[in-house]
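Enquirer: When the count follows my numbering, it moves up by one through the sequence shown with no breaks and lands on 657 for the last residue.
Ideal Cβ placement from N, Cα and C applies to all residues, glycine included.
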Amino acid sequence: VLRGTTPERDAVAVLRLRGSDAVPLGKTNMDEAAFGATNDNPHFGRCRNPHRLEFTPGGSSGGSAAAVAAGLAAAALGSDTLGSVRIPASYCGCAGFKPTRGSIPTAGLIPLSASLDEIGVLARSVGDCAAVFEAIRDAGSGTVGARPRTLERARVGVVTGLEVAPEIAAAIARTAAALGASACILADCDLAGIDLARVRRAGLLIAEAEGARVHARLLSDPASGISRSLREALGYGAAQAPERIAQARAVLHEARQGLDALFASVDLLLLPTTPQTAFAFTSPAPSNQADFTAFANAGGMPALSLAAGLSSEGLPLGVQLVAARGADALVLEAGRACEDVLGFFPPPMIAV
Numbered sequence: 306v307l308r309g310t311t312p313e314r315d316a317v318a319v320l321r322l323r324g325s326d327a328v329p330l331g332k333t334n335m336d337e338a339a340f341g342a343t344n345d346n347p348h349f350g351r352c353r354n355p356h357r358l359e360f361t362p363g364g365s366s367g368g369s370a371a372a373v374a375a376g377l378a379a380a381a382l383g384s385d386t387l388g389s390v391r392i393p394a395s396y397c398g399c400a401g402f403k404p405t406r407g408s409i410p411t412a413g414l415i416p417l418s419a420s421l422d423e424i425g426v427l428a429r430s431v432g433d434c435a436a437v438f439e440a441i442r443d444a445g446s447g448t449v450g451a452r453p454r455t456l457e458r459a460r461v462g463v464v465t466g467l468e469v470a471p472e473i474a475a476a477i478a479r480t481a482a483a484l485g486a487s488a489c490i491l492a493d494c495d496l497a498g499i500d501l502a503r504v505r506r507a508g509l510l511i512a513e514a515e516g517a518r519v520h521a522r523l524l525s526d527p528a529s530g531i532s533r534s535l536r537e538a539l540g541y542g543a544a545q546a547p548e549r550i551a552q553a554r555a556v557l558h559e560a561r562q563g564l565d566a567l568f569a570s571v572d573l574l575l576l577p578t579t580p581q582t583a584f585a586f587t588s589p590a591p592s593n594q595a596d597f598t599a600f601a602n603a604g605g606m607p608a609l610s611l612a613a614g615l616s617s618e619g620l621p622l623g624v625q626l627v628a629a630r631g632a633d634a635l636v637l638e639a640g641r642a643c644e645d646v647l648g649f650f651p652p653p654m655i656a657v
């Protein structure tokens, strides 16, 4: 739809990167309209996972994650509506950071869902994520220093009761041990009061409805060129009654209140980024991919995915750290501490 279109100006985040002497290398592939889970784009082709070329890099910012993991770029930007930065980071074995809501200006971003969209950062390391975030964040956003920056005695809730593959559970255990070695206080944490799948479904409905408004002109034009799958998804959102959208917003509000109460007793949450590793393009996309990520968008909270090993199939295992709004520095510090212990997991094509 936008093939050949040249923006009249840079997005604010890109302007700030240029102002920090970063060199933009180009655009990366993504799911159509940032709405998807495979990065199999009907207009620009399939983006592949550098670890296993027949597997998805995740979506919607899969091209950004694949470029970073393959060593084509030191860092990349992406949008995160329900996990679209963190899921590709998990599948490709790099770091992916979604900051506190509003800390990175979205001016110049073509939105999907104004209620949930955030600009995020993908990089080979957590430290590189932090450096890019520092360059593009709003200095007056209050997202740095609002919580203690030291990890010592930080209370980490290790989320229990989640259905995940054994290798992902083992990655969580390794990450918890790394945090314990940094003098964090570890305790099991039950999210039974927050229905993660329900939050994801509510967020998806809102994204479909808001995306339909953003792309109303394209939806109304049969010759616009958007794919059938996107037209159906956004058309579904456009057809929803206001009462149903209000109910979905109430679900997100309830989740945010529950999370605020939870963060009164813990400083960080540790949980998997996704219930599974990357899947083959020939397999159907799991409907639960964003179950463990969407709640951070609902709460406007900073969340970081980092690599914690490889599966027996050679696919990256991602774990996630989440904190209260404003505690971006704590999340990044915790991620660096984990990375120092866990190491890095480049794809075979660039492993040295």
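1) With a Cβ-Cβ cutoff of 8 Å, do Leu417 and Ala338 count as a contact?
2) Select from Leu320, Leu611, Ala634, Ala459 the residue whose C-alpha is nearest the C-alpha of Val624.
3) Among Glu439, Thr311, Thr333, Leu496, whose alpha-carbon lies nearest the alpha-carbon of Leu574?
4) Three-state secondary structure (DSSP) at Phe600?
5) Kindly give me the distance between the Cβ atoms of Arg630 and Gly432, rounded to whole angstroms, as I take these residues to be in contact under 8 Å.
6) Within this structure, are the beta carbons of Ala400 and Ala428 separated by less than 8 Å?
7) Going by C-alpha distance, which of Ala459, Asp500, Thr465, Gly466 is nearest Gly485?
8) Between Gly364, Ala502, Ala380, Leu564, which lies nearest to Val426 when the distance is taken from Cα to Cα?
9) DSSP has Asp346 in a bridge; who is on the other side?
10) Span of the alpha helix (DSSP H) holding Cys399?
11) Should the stretch 458–478 be called in touch with the stretch 573–590, which here means at least 3 C-beta pairs below 8 Å?
12) In chain order, what residues of the same chain have a beta carbon less than 8 Å from the beta carbon of Phe360, not counting five sequence neighbours either side?
13) Ala475 lies in the beta strand (DSSP E); which residues open and close that run?
14) Determine contact between the stretch 367–376 and the stretch 339–352, defined as no fewer than three beta-carbon pairs at a distance below 8 Å.
15) Among Ile415, Ala608, Ala546, which one has its Cα closest to the Cα of His520?
16) Leaving out five residues on either side along the sequence, give the residues of the same chain with a beta carbon under 8 Å from the beta carbon of Glu468.
17) Looking at Ala436 and Leu647, is the spacing between their C-beta atoms short of 8 Å?
18) My guess is that Ala507 and Ala543 are in contact by the Cβ rule of under 8 Å, so how many angstroms apart are they, rounded?
19) Spatial neighbours of Gly450 within its chain, please: CB distance less than 6 Å, with the 5 preceding and 5 following residues excluded, ordered by chain position.
20) Terminal residues of the continuous beta strand (DSSP E) containing Val461?
21) Rank Thr411, Phe600, Leu523, His356 by C-alpha distance to the C-alpha of Leu320 and give the top, closest one.
22) With 16 other CB atoms within 10 Å as the buried threshold, where does Leu290 fall?
23) Taking the alpha helix (DSSP H) that Ile409 falls in, what are its first and last residues?
24) Taking 7 Å as the cut-off, is the C-beta of Glu537 nearer than that to any heavy atom in the ligand HEM?
25) Should Lys403 be labelled buried (16 or more other beta-carbon atoms within 10 Å of its own) or exposed?
26) Going by DSSP, which residues form a beta bridge with Cys643?
27) How should Pro591 be labelled, buried or exposed, when 16 other C-beta atoms within 10 angstroms of its C-beta is the threshold for buried?
28) Does DSSP put Pro453 in a helix, in a strand, or in coil?
29) Quick one: grab the DSSP three-state call for Asp315.
30) Residue range of the alpha helix (DSSP H) that Ser610 falls in?
31) With three or more C-beta pairs closer than 8 Å as the rule, is the stretch 522–537 touching the stretch 549–567?
32) Please confirm whether Ala514 and Gln545 have their CB atoms less than 8 Å apart.
33) Bridge partners of Val624, per DSSP?
34) In whole angstroms, what is the alpha-carbon distance linking Ile441 and Ser384?
35) To which residues of the same chain is Arg452 closer than 8 Å at the C-beta, ignoring the five residues directly before and after it?
36) Provide the residue span of the beta strand (DSSP E) that contains Ile490, from first to last.
Expert: The answer reads as follows:
1) Annotated as proximal: Leu417 and Ala338, with beta-carbon spacing under 8 Å.
2) With distances taken between Cα atoms, Val624 lies closest to Leu611.
3) Nearest of Glu439, Thr311, Thr333, Leu496 to Leu574, Cα basis: Leu496.
4) Of the three classes helix, strand and coil, the one that applies to Phe600 here is helix, per DSSP.
5) 23 Å between Cβ atoms; not a contact.
6) In this structure, Ala400 lies near Ala428, with their beta-carbon atoms less than 8 Å apart.
7) Comparing Cα-Cα distances from Gly485 to each of Ala459, Asp500, Thr465, Gly466, the minimum goes to Ala459.
8) The residue from Gly364, Ala502, Ala380, Leu564 with its alpha-carbon nearest to that of Val426 is Ala380.
9) At residue 346 the sequence reads Asn, which differs from the Asp that was named. Residue pairing for Asn346: DSSP places it in a beta bridge opposite Gly350.
10) Per DSSP, Cys399 lies in no alpha helix (DSSP H) segment and is marked neither H nor E.
11) In this structure the stretch 458–478 touches the stretch 573–590; the number of beta carbon pairs closer than 8 Å is three or more.
12) Hits under 8 Å: Arg353, Asn354, Tyr396, Ala583, Phe584, Ala585, Phe586, Leu620.
13) Boundaries around Ala475 are those of the alpha helix (DSSP H), 471–486, since no beta strand (DSSP E) includes it.
14) Short answer: they touch.
15) Closest option to His520, Cα to Cα, is Ile415.
16) Cβ contact annotation for Glu468 (same chain, cutoff 8 Å, sequence separation greater than five): Pro580, in chain order.
17) No, the pair does not count as a contact, with Cβ atoms beyond the cut-off.
18) Taking C-beta atoms under 8 Å as the contact rule, Ala507 and Ala543 fail to qualify, at a distance of about 17 Å.
19) Confidence in Gly450 is poor, its pLDDT being 41 and thus under 50, which makes the residue's placement too unreliable to answer from.
20) Here the beta strand (DSSP E) through Val461 covers 460–465.
21) When the alpha-carbon of Leu320 is set against those of Thr411, Phe600, Leu523, His356, the nearest one is in Thr411.
22) Lying outside 306 to 657, the shown extent of the chain, residue 290 is not represented and no answer is given.
23) Under the DSSP assignment, Ile409 falls outside any alpha helix (DSSP H); it carries neither an H nor an E label.
24) Questions concerning the ligand HEM fall outside what the structure shown contains, since it holds no ligand whatsoever.
25) By the C-beta density criterion, Lys403 is buried, having at least 16 other C-beta atoms within 10 angstroms.
26) Paired residues: none, contrary to the question.
27) Its Cβ having fewer than 16 others within 10 Å, Pro591 is exposed.
28) Here the model assigns Pro453 a pLDDT of 48, short of 50, so the residue's position is not dependable, and the following value carries that caveat. Residue state, collapsed to three classes: coil.
29) Three-state result, Asp315: coil.
30) In the DSSP annotation of this structure, Ser610 is not part of any alpha helix (DSSP H); the continuous beta strand (DSSP E) holding it starts and ends at 608–615.
31) The stretch 549–567, when compared against the stretch 522–537, does not touch it at the 8 Å Cβ threshold.
32) Yes, Cβ-Cβ distance for Ala514 and Gln545 is below 8 Å.
33) Residue pairing of Val624 in beta bridges, as defined by DSSP: Pro577, Leu611.
34) Rounded to the nearest angstrom, the two C-alpha atoms are 14 Å apart.
35) With a pLDDT of 46 at Arg452, under the threshold of 50, the modelled position of that residue is not reliable, and no figure is offered here.
36) For Ile490, the enclosing beta strand (DSSP E) has its first and last residue at 490–495.
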